[in-house]
Structures are given as structure tokens and as C-alpha cells.
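Everything on this sheet refers to the single structure shown next.
Residue numbers (the numbering used here): 42 to 211.
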């Protein structure tokens with residue numbers, strides 16, 4: 042049985058099994074129910090609550106309504122036991138399976154491709170990411186859905202892509 046707690050936004054929050062409870066000094070109420078056992082509660086420098094799960098990754102909550110939790114995609118199947126934010130804004134997350142992970146910026150997303158390709162260049166505008174590979178293949182990826190929306194094969198290596206100020210690919 043794991044019980045963890047943290048002071049967040051002037052209240053005591055504690056987790057028991059798959060539930061988070063809030064104690065405001067007078068009463069206790071259930072504020073979050075998870076699909077995974079909760080093993081850690083951490084508060085970062087920006088006053089966000091991080092909830093670590095046994096083999097379920099970690100959620101970040103920005104408000105006490107526990108609405109719209111954010112996940113760290115790289116850790117979805119890990120057991121996150123601690124979240125710390127350093128003085129430069131980077132995050133250190135310890136896991137029970139693979140040690141400690143460092144994320145200098147949580148807005149960076151890793152994309153993998155099914156085919157073995159040598160992406161040589163990439164650029165982006167407000168809506169799309171453009172990648173060109175050594176085999177001459179151009180992909181246009183929607184920045185929100187991360188799906189390929191256009192492709193073209195130039196039959197020769199793409200060594201440079203440039204998106205100008207008017208969001209035109211050169």
C-alpha cells in the first residue's frame with residue numbers, strides 16, 4: 042500500500058491506491074480517480090501538480106479542478122516515482138524501471154518513422170513541419186495532428202529546406 046502526499050495550492054493532497062484526496066483543513070474529498078496505482082505527488086516551481094503512476098507514466102495538473110491533465114509521452118509505460126524541476130526550468134523524472142530522465146523542455150516531442158530514412162533537413166512554419174531525406178523524399182506533416190498530409194519524391198537528395206517569412210517552402 043503506497044500513500045504519498047504533497048501540499049499544493051494551500052491544501053493537503055494525498056493519494057491512496059488509485060485516488061487523490063484533498064484535505065482543506067475541515068473535510069476530505071476525492072478529487073481524482075486514476076486507472077493506475079498512484080506512487081508519487083510532486084509540485085514544480087510553476088505550481089503544477091505531478092502525479093506519478095505505477096507503470097502508467099505521469100500526469101501534470103495545472104489547476105485544482107483536475108481538468109485537462111497533460112502527459113509526458115516518453116514515459117507512458119514507466120513508473121514515475123519523483124518529478125523535480127531545476128532552477129533552469131528542466132524536469133528530472135525518476136522511474137522504477139529505467140532510472141532518471143531529464144527533459145530540458147517538455148514541449149519537445151519525439152517523432153519516429155516506420156521506414157528507415159536518412160532525414161537530412163527539416164523546417165517548419167506555423168502549421169506544418171517539412172522534412173527532406175537523402176533519398177529525395179519530401180514529407181509535409183501537420184503540426185497539430187502529426188500526420189503526413191503531403192508527400193513528393195524528387196528522385197535526388199534534399200539537402201536544404203527553407204520556409205520564408207510568408208510561410209512558403211523554398
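Where a beta carbon is used, it is the ideal one built from N, C-alpha and C, also for glycine. This one's a predicted model, so the numbers in the text were calculated from it and none came from an experiment.
For a minimum of 3 consecutive residues, which ranges assigned as the beta strand (DSSP E) are wholly contained in the region 116 to 187? Whole beta strand (DSSP E) segments, 3+ residues: 121 to 126, 132 to 136, 140 to 144, 160 to 165, 169 to 174 and 178 to 183.
Is it buried or exposed for residue 102, if we count other Cβ within 10 angstroms and need 16 for buried? On the chain shown, position 61 is the one that residue 102 refers to. With 16 or more Cβ atoms within 10 Å of its Cβ, residue 102 is classed as buried.
Looking at C-beta atoms only, is the number of pairs between the region 165 to 172 and the region 123 to 143 that lie closer than 8 Å three or more? The answer is no - the region 123 to 143 does not touch the region 165 to 172, with fewer than three Cβ pairs under 8 Å.
Confirm the yes/no value for this check: CB of residue 87, any heavy atom of the ligand COA, distance under 8 Å. Only the bare structure without any ligand can be found here, which leaves the ligand COA out of the picture.
From residue 109 to residue 91, what does the alpha carbon distance come to, in whole angstroms? Position 68 of the chain shown, counted from the start, is the residue given in the question as residue 109. Position 50 of the chain shown, counted from the start, is the residue given in the question as residue 91. Whole-angstrom Cα-Cα distance: 13 Å.
Enumerate in chain order the residues of its own chain whose CB-to-CB distance from residue 67 is below 7 Å, with the five nearest sequence positions on each side excluded. Position 26 of the chain shown, counting from 1, holds the residue named residue 67. Short of 7 Å from the beta carbon of residue 67, and not among the five residues preceding or following it, lies no beta carbon of its own chain.
Within 10 Å of its beta-carbon, does residue 74 have 16 or more other beta-carbons around it, so buried, or fewer, so exposed? Taking the chain shown and counting its residues from 1, the one referred to as residue 74 is at position 33. That one is exposed.
Compute the Euclidean distance between the alpha carbons of residue 76 and residue 97, then round it to the nearest angstrom. Counting from one through the chain shown, the residue named residue 76 turns up at place 35. Counting from one through the chain shown, the residue named residue 97 turns up at place 56. Residue 76 and residue 97: Cα-Cα distance of roughly 8 Å.
Between the CA atoms of residue 210 and residue 83 - distance to the nearest angstrom: As a first step, residue 83 must be located in the chain shown, where it is residue number 42. As a first step, residue 210 must be located in the chain shown, where it is residue number 169. So the alpha carbons of these two residues sit roughly 43 Å apart.
If distances are taken between C-alpha atoms only, which option among 80, 141, 197 and 121 comes closest to residue 37? Missing from the structure shown is residue 37; the chain here goes from 42 to 211 and no further.
Taking 7 Å as the limit between beta carbons, can you name the residues of its chain near residue 177, skipping five residues before and five after? The residue you call residue 177 lines up with position 136 of the chain shown. Only 194, 195, 196, 197, 198 and 199 meet the Cβ criterion.
Checking 9 Å against the spacing of the C-beta atoms, do residue 36 and residue 142 come in under that value? For residue 36 there is no data in the structure shown, the boundaries of the chain being 42 and 211.
Which residues share a DSSP beta bridge with residue 86? Here residue 86 refers to the residue found at position 45 of the chain shown. BP columns for residue 86 are empty, so no partner.
Relative to the alpha-carbon of residue 105, which residue among 127, 204, 112 and 64 has its alpha-carbon at the smallest distance? Start at 1 with the first residue of the chain shown, and residue 105 comes out as number 64. Considering only alpha carbons, the answer is 64.
Provide the residue(s) that pair with residue 63 in DSSP beta bridges, ordered along the chain. To locate residue 63, count along the chain shown from 1; it is residue 22. DSSP, once it has assigned bridges, lists 54 and 70 as partnering residue 63.
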